[in-house]
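Colleague: Letter by letter, the sequence shown follows residues 44 to 157 of our numbering.
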Amino acid sequence: MRPVVATAVLALGLVCAAAFTGITVQANALERAKDALSADIAVEQARNVALEASIAQKKTTDYLIQKAQDYDFIKQGEGLIAVERSPASTSASHTDAERASRVMRWIRLFFGTR
């Protein structure tokens with residue numbers, strides 16, 4: 044009877060050891076995956092910071108002037124001029140009654156008084 048009990052205890056010990064080994068292997072694999080994802084997150088955050096810095100740099104006037112010079116829109120020593128509409132002209136709306144239709148303008152052009 045004693046050898047049977049010893050064999051059962053040994054078998055139970057081996058089953059527990061195999062289960063523990065499997066759980067430990069899974070835990071190590073998950074830890075490695077977590078570390079890899081953390082590294083990927085850090086890389087993407089650094090890339091995001093670099094892209095935001097690039098966007099901020101490209102919004103500057105000096106960058107725009109340099110690009111305009113690169114494409115020969117302006118020459119060295121020249122500057123950029125921006126044209127802005129006055130608030131009164133942008134808020135003024137024209138109704139269809141105020142404008143002549145396109146057809147009427149064409150008729151006036153070709154058949155109007157000379």
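No residue lacks a Cβ here, since even glycine has one placed at the ideal position from N, Cα and C. Source: prediction; values computed, not measured.
For the alpha helix (DSSP H) containing residue 106, list its first residue and its last residue.
Modeller: Reading the sequence shown from its first residue, position 63 is the one you call residue 106. Residues 104–113.
Colleague: What residue range is occupied by the uninterrupted alpha helix (DSSP H) comprising residue 62?
Modeller: Within the sequence shown, residue 62 is the residue found at index 19, counting from 1. 45–101 is the span of the alpha helix (DSSP H), which, as asked, contains residue 62.
Colleague: Quick check on DSSP: helix, strand or coil for residue 146?
Modeller: Taking the first residue of the sequence shown as 1, we reach residue 146 at position 103. Helix.
Colleague: Just how far apart, CA to CA, sit residue 66 and residue 52?
Modeller: To locate residue 66, count along the sequence shown from 1; it is residue 23. To locate residue 52, count along the sequence shown from 1; it is residue 9. Distance between the alpha carbons of residue 66 and residue 52 is about 21 Å.
Colleague: Does the distance from the CB of residue 112 to the CB of residue 106 come in under 8 Å?
Modeller: Walking along the sequence shown from the start, residue 112 turns up at place 69. Walking along the sequence shown from the start, residue 106 turns up at place 63. Going by C-beta atoms, residue 112 is not nearer than 8 Å to residue 106.
Colleague: Going by DSSP in three states, residue 151 sits in which element: helix, strand or coil?
Modeller: Position 108 of the sequence shown, counting from 1, holds the residue named residue 151. Reduced to three states, the DSSP call for residue 151 is helix.
Colleague: Taking the straight line between their C-alpha atoms, what separation do you get for residue 117 and residue 87?
Modeller: Counting from 1 along the sequence shown, the entry for residue 117 is found at position 74. Counting from 1 along the sequence shown, the entry for residue 87 is found at position 44. Going by the C-alpha atoms only, they are around 37 Å apart.
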